[in-house]
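Chemist: In the working numbering, the protein residues as written are 29 to 158.
All residues carry an ideal CB built from backbone N, CA and C; glycine is no exception.
#1: Please say whether residue 60 and residue 80 have beta carbons closer to each other than 9 Å?
#2: Thinking just about the alpha-carbon of each residue, which of 55, 45, 47 and 92 is nearest to the one in residue 67?
#3: Tell me which same chain residues have a C-beta within less than 6 Å of the C-beta of residue 106, skipping the five on either side of it?
#4: Candidates 125, 42, 40 and 108: which alpha carbon is nearest residue 137's?
#5: Return the chain-ordered ranges of every alpha helix (DSSP H) run that is complete within the stretch 92-143 and spans a minimum of 4 residues.
#6: Could you give the first and the last residue of the continuous alpha helix (DSSP H) run that contains residue 79?
#7: Compute the Euclidean distance between the alpha carbons of residue 124 and residue 102, then round it to the nearest angstrom.
#8: Would you call the CB atoms of residue 83 and residue 71 closer than 9 Å?
Structure, rendered in structure tokens:
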């Protein structure tokens, strides 16, 4: 019985040979990290070859500015607040219940929502006039 368990355990941890594709992608990952640095190397590793190629084609020879995590979070809170307030028709008390971790929501978001509303209206007018 003990022998069977040991064999099963060894078989579970047995390395399987890598395919040629896996080997090539591994080499490509090393090349991308070495050639373009850790940031682009990590982006490649996260999104994979196909998406990385599309990103590279679109942003070729351009400089990107990624938002800080806090900025992205603020954008998400703004979108959620706008959605609850303007699409769902909730009042500020109801919105606050949906986003309880946001203190003083009406105070911080009122102007931003008004600005976003103007931008959305302008873009919709542009779409409708085409």
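Modeler: Considering the structure as presented:
#1: Locating residue 80 in the chain shown gives position 52, where the first residue counts as 1. Locating residue 60 in the chain shown gives position 32, where the first residue counts as 1. Yes; because the gap between Cβ atoms is below 9 Å, this pair is in contact.
#2: Against the chain shown, residue 67 aligns to sequence position 39. Selected option, being the one with the closest Cα: 92.
#3: For the purposes of this step, residue 106 is taken as the residue at position 78 of the chain shown. Closer than 6 Å at Cβ, skipping near neighbours: 140.
#4: Residue numbering aside, residue 137 sits at position 109 when the chain shown is read from its first letter. Here the closest residue by C-alpha is 108.
#5: 97-110 and 120-126
#6: Residue numbering aside, residue 79 sits at position 51 when the chain shown is read from its first letter. It spans 48-87 - the alpha helix (DSSP H) in which residue 79 sits, taken as one unbroken run.
#7: Position 96 of the chain shown holds residue 124. Position 74 of the chain shown holds residue 102. For residue 124 and residue 102, the distance between alpha carbons rounds to 15 Å.
#8: Translated into positions along the chain shown, residue 83 becomes position 55. Translated into positions along the chain shown, residue 71 becomes position 43. Yes, they are a contact pair.
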